[in-house]
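Taken in order, these protein sequences are the chains called G and Z.
To convert, note that position 33 of the first sequence is 33 in the UniProt record's numbering; the numbers rise steadily by one, no gaps.
To convert, note that position 165 of the second sequence is 165 in the UniProt record's numbering; the numbers rise steadily by one, no gaps.
Beta carbons: idealized from backbone N, C-alpha and C, even for Gly.
Source: prediction; values computed, not measured.
Structure first, then comments.
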Amino acid sequence: MADKTLPAYFPEFYSFPPFYTRQPNASSWSSQLSQWRAFILSYARAHKIWRLNLVDAMDTDLFYNKSISRKLPLPTIREIISDLVASQNAEWLSPDKSIAYIYWRTPEDFASQIYSWIDETGQKGTVLTLLELTEGDNTTDKEWYGMDQAMLVKCLNVLVKKGQAQIFSVGDDKGVKVW
Amino acid sequence: MAFRKIDLTPALRPLLLPSETLLFVQDAVGLYEGRYKVPNFQNGSAYLTTHRVCFVNNDEPRKYSVALELRDVERFELYNGFLKSSPKITFYLRPSDPSLLNSRDRSTSRSPSYSPVPTPPRSSTPLQSIALNRQWICPICTFPNPFPSNFGPTAPIPPCLTCGVKPNRSVLDAIVNSPAVPTKPPNGASDDSILRVGIQRSKNACPRCTFENDQALRNCEMCGEVLSSDALDDSLLTAGTSLSRDESPAPAYLGSVPAGEKIDSVKLSFRGGGEKPFHEKLKGAMVQRKWLLEQAPNVPSITAGAANLTLDSRESDAPARPPPPPERIVGVRGLERQNLALRMNNQRAIAGAFEDLEALMSRAKEIIALAENFATQLADNPSLANSDAKEALNQSAALLALRPTDFSVTKDQISSSSSSLSLYHAELARSIADFLADDRRSILKKEGGAITLVDLWAVYNRARGIELISPSDLESAAKLFDKLQLPVRLRQFKSGLLVVQERNRTDEKVARSVLAWLEELSSTEALDTAVNINWGKSVLAKDAAEKFGWSIAVAIEELEMVEERGELVRDTSFEGVRWWKSPWYALG
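What follows is the structure, given as structure tokens:
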């Protein structure tokens with residue numbers, strides 16, 4: 001029925017009503033938590049979600065299964081995201097914990113992907129704007145395509161720390177040079 | 001032979017006879033036969049009922065519990081205690097014809113263990129009986145004391161039983177050296193017969209009729225004569241010395257009562273006090289003699305009462321007819337008249353019985369029979385379609401049939417000595433356990449094996465009817481369940497809810513039954529939605545309560561307990577909490 005049409009990244013638990021109740025039992029909760037974590041990350045990857053606004057996301061398919069009318073409550077969402085933050089798979093954007101970056105790959109992974117792409121395309125030493133990296137015609141098939149600018153800066157900072165890149169500010173725009 | 005072994009309830013209280021009621025309970029009691037302590041019967045509780053005095057051993061109640069029928073008691077007296085000697089109540093037994101006693105014993109015994117106090121055979125070896133038959137006269141107070149059985153040159157000399165002064169050894173020596181002129185042995189065996197018994201010990205011939213009885217028997221099968229048995233272990237001779245209270249001035253029971261000393265009395269020694277109220281209640285019981293009631297004529301039938309006048313006057317309105325032999329009226333009219341008479345009689349019975357409490361008690365049997373009769377009539381009556389009313393009537397009938405006296409322990413039944421409160425609670429705990437274990441009521445079964453303390457309090461107090469107990473007494477009593485090793489236990493759930501449940505009911509069993517039920521639901525019932533196809537059926541606490549007979553509070557607690565084990569998961573939504581079998585439990 002309804003869930004048969006769901007993409008493959010939806011776990012089977014998506015249609016299990018207790019999945020939307022935070023289980024008080026510790027062992028049940030840890031299973032539930034790990035399934036939610038995996039689901040959020042794969043959902044974010046499929047939908048290219050970089051920034052997750054918790055309140056907005058509550059009513060999306062991610063946390064709301066309309067077919068069984070079950071919704072994951074906000075405190076539980078926050079708890080799961082906090083767990084992702086603890087394992088470096090997410091990062092709070094604001095101290096009130098309402099928006100988070102979701103790293104379905106770690107910044108290091110993105111950084112090395114960007115680095116190898118620049119290397120492969122022979123753009124070492126040239127200055128690329130960040131928009132070119134995330135919105136450019138050449139990167140549409142890349143995983144970081146459409147990435148949030150602030151998040152991209154965090155990823156590039158990994159390269160900067162390694163001494164493989166430098167970030168410039170040109171007015172409002174930012175540029176990066178990799179060598 | 002005054003004592004009989006008794007049956008105990010699951011809660012280790014004496015099983016009361018149908019019309020018997022409990023009057024008093026006292027702990028720390030020891031038992032004497034004649035002047036001798038009975039081994040294994042030195043630390044127990046004494047239960048005074050309207051019919052019996054029961055002794056229940058504290059340590060091994062199933063093994064050492066006996067009762068003395070009050071009807072066998074001729075008189076009794078209170079001894080207030082002196083120095084180290086505890087207060088005692090002595091029961092003097094009616095002299096009874098041994099053959100009569102035997103026949104009664106035989107008729108009532110159901111198992112071989114029914115025989116009274118498991119003491120070794122009465123009579124002793126010839127030599128000992130000679131020694132034991134002697135007496136030494138106290139030079140101080142002239143009391144004839146029994147000759148010490150273990151007398152020898154080195155043996156200690158016992159003090160006089162009355163004045164407590166040890167005699168000079170020469171007094172005893174003189175008796176040993178004097179020509180043995182024993183009093184005639186009680187079984188009538190001469191020296192000759194003692195010899196004969198020695199030869200034929202394997203056959204155990206009766207000294208009176210010479211019938212060769214089996215060795216295990218203690219009374220002759222033919223004539224009921226007490227058999228002389230020779231097996232008297234040395235260990236039994238010393239058993240008395242290992243008693244916990246050997247500092248007591250009374251001689252210990254040496255495994256056998258000295259021959260020639262007839263047991264015509266038994267004593268209860270009140271080491272923890274409480275002899276006075278016991279004595280008072282005993283006096284009352286002996287005056288009332290409730291055990292006679294069974295043969296007593298019934299309360300005069302009400303038809304002879306004043307209420308009859310109304311009926312008579314009505315009937316006298318009818319044209320003159322021959323009064324006593326009720327004329328036979330056949331046909332519908334006859335049936336109707338018969339019915340009318342019956343109804344009038346019932347009405348009178350009810351009206352009379354409820355006039356005052358005394359009357360109600362005396363008419364209890366009649367009224368209960370009536371109530372049961374109504375109940376069966378209701379059950380048979382198809383025209384009474386209103387099932388609610390039926391149930392209510394059934395219930396009230398059932399309530400009338402309750403016999404609260406079995407289960408009620410009141411504070412005035414318990415001695416007022418120092419440990420009285422805990423004793424009261426212990427007795428209360430026992431009575432509650434009996435109440436719960438009672439098959440006729442099967443309260444725990446109806447409640448699915450667990451009942452909340454609050455519900456129990458209500459049900460139990462309702463069953464008592466009078467002399468209600470306070471919640472705090474109930475709680476204190478319930479806390480003693482474990483200590484008293486009763487078949488029920490008190491359990492506290494995570495939320496603090498207290499329930500009483502059967503001892504053998506474990507979390508695992510409950511969890512298994514809940515899960516089995518869920519699986520059964522999933523496999524038998526129609527799975528109508530996609531959710532159910534994938535995940536099986538879910539239940540509400542209400543469903544579990546209905547299925548297992550739990551109260552809602554217990555159902556919630558039990559489900560949460562299973563959740564705690566990880567085998568259930570919850571689904572909280574606007575319609576309440578639904579419970580699902582955990583798919584994660586199998587994984588992890």
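Review point. Of the residues that make up the region 144 to 176 of chain G, which ones have a beta carbon closer than 7 Å to any beta carbon in chain Z?
Key: none
Exercise for review: Could you confirm whether any beta carbon from chain Z is found closer than 8 Å to the beta carbon of residue 76 (chain G)?
Suggested key: no
Review point. At least one CB of chain Z closer than 8 Å to the CB of residue 183 (chain G): is that the case?
Key: Only positions 1 to 179 of chain G appear in this structure, which leaves residue 183 (chain G) out of reach.
Point to revise | Status (buried if at least 16 other CB within 10 Å, exposed otherwise) for residue 210 (chain Z) | key: exposed
Check your understanding: Nearest chain G C-beta to residue 454 (chain Z) closer than 8 Å, yes or no?
Key -> no
Check your understanding: Which one of Z:63, Z:67, Z:61, Z:565 has the shortest CA to CA distance from residue 54 (chain Z)?
Key -> Z:67
Check your understanding: Contact between the region 444 to 452 of chain Z and the region 466 to 476 of chain Z: three or more CB pairs below 8 Å?
Key -> no
Check your understanding: Which same chain residues, not among the five before or five after residue 50 (chain G), have their C-beta less than 7 Å away from its C-beta?
Key -> 101, 102, 147, 148, 151
Review point. Between residue 558 (chain Z) and the rest of its own chain, which residues show a CB-CB distance below 6 Å, the 5 nearest in sequence each way excluded?
Key: 510
Practice item. Mind checking which residues open and close the alpha helix (DSSP H) that includes residue 143 (chain G)? Key: Unbroken run through residue 143 (chain G): none, as it is neither H nor E.
Practice item. Can you give me the start and stop residues for the alpha helix (DSSP H) that residue 598 (chain Z) sits inside? Key: Since the first residue of chain Z shown is 1 and the last is 588, residue 598 (chain Z) is not available in this structure.
Exercise for review: Indicate whether at least one CB of chain G lies closer than 8 Å to the CB of residue 535 (chain Z).
Suggested key: yes
Check your understanding: Does the region 566 to 583 of chain Z come close enough to the region 472 to 483 of chain Z to have 3 or more Cβ pairs within less than 8 Å?
Key -> no
Review point. Of the residues Z:216, Z:3, Z:27, which one's Cα is nearest the Cα of residue 422 (chain Z)?
Key: Z:27
Check your understanding: Are the C-beta atoms of residue 570 (chain Z) and some chain G residue less than 8 Å apart?
Key -> yes
Review point. Considering residue 520 (chain Z), what are the terminal residues of the alpha helix (DSSP H) in which it resides?
Key: 507 to 524
Exercise for review: Rank Z:76, Z:550, Z:499 by C-alpha distance to the C-alpha of residue 287 (chain Z) and give the top, closest one.
Suggested key: Z:76
Point to revise | Same chain, Cβ closer than 6 Å to residue 81 (chain Z), neighbours up to 5 away in sequence not counted | key: 87
Point to revise | Sequence-distant residues of the same chain with beta carbon closer than 6 Å to residue 23 (chain G), five excluded per side | key: 29, 32
Practice item. Check whether the Cβ of residue 573 (chain Z) lies closer than 8 Å to any Cβ atom in chain G. Key: yes
Practice item. Grab me the residues of residue 113 (chain G)'s own chain with a C-beta within less than 6 Å of its C-beta, minus the 5 sequence neighbours each way, in chain order. Key: none
Exercise for review: List the whole-angstrom C-beta distance separating residue 143 (chain G) from residue 105 (chain G), where the pair is believed to meet the contact cut-off of C-beta under 8 Å.
Suggested key: 7 Å
**Study point:** Limits of the alpha helix (DSSP H) - the one that residue 48 (chain G) falls within
**Key:** Note, residue 48 (chain G): premise wrong, no alpha helix (DSSP H); not H, not E.
Check your understanding: With DSSP run on the structure shown, which of helix, strand or coil describes residue 219 (chain Z)?
Key -> strand
Review point. How would you write the range of the beta strand (DSSP E) that residue 59 (chain G) sits in, first residue to last?
Key: Premise fails: residue 59 (chain G) is in no beta strand (DSSP E) and is neither H nor E.
Practice item. Check residue 21 (chain G) in the structure and name its three-state DSSP category. Key: coil
Practice item. Kindly indicate which three-state DSSP category residue 331 (chain Z) falls into: helix, strand or coil? Key: helix
Exercise for review: Tell me, please, whether the CB atom of residue 60 (chain G) is closer than 8 Å to any CB atom in chain Z?
Suggested key: no
Exercise for review: State buried or exposed for residue 56 (chain Z), treating a residue as buried only when at least 16 other CB atoms are found within 10 Å of its CB.
Suggested key: buried
**Study point:** Cβ contact (3+ pairs, closer than 8 Å) linking the region 500 to 517 of chain Z and the region 543 to 563 of chain Z
**Key:** yes
Point to revise | Per-residue burial, residue 179 (chain G) [other beta carbons within 10 Å of its own, 16 or more giving buried] | key: exposed
Check your understanding: Rounded to whole angstroms, how far is the Cβ of residue 96 (chain G) from the Cβ of residue 129 (chain G), which I believe are closer than 8 Å?
Key -> The pair is not a contact, with the Cβ atoms about 31 Å apart (cut-off 8 Å).
Point to revise | Three-state secondary structure assigned by DSSP to residue 455 (chain Z) | key: helix
Point to revise | For residue 273 (chain Z), the nearest candidate out of Z:335, Z:25, Z:456 (CA to CA) | key: Z:25
Point to revise | Spatially closest choice to residue 17 (chain G) from Z:29, Z:339, Z:580, by CA coordinates | key: Z:580
Practice item. Report the option in Z:462, Z:505, Z:582, Z:501 whose CA atom is closest to the CA atom of residue 518 (chain Z). Key: Z:582
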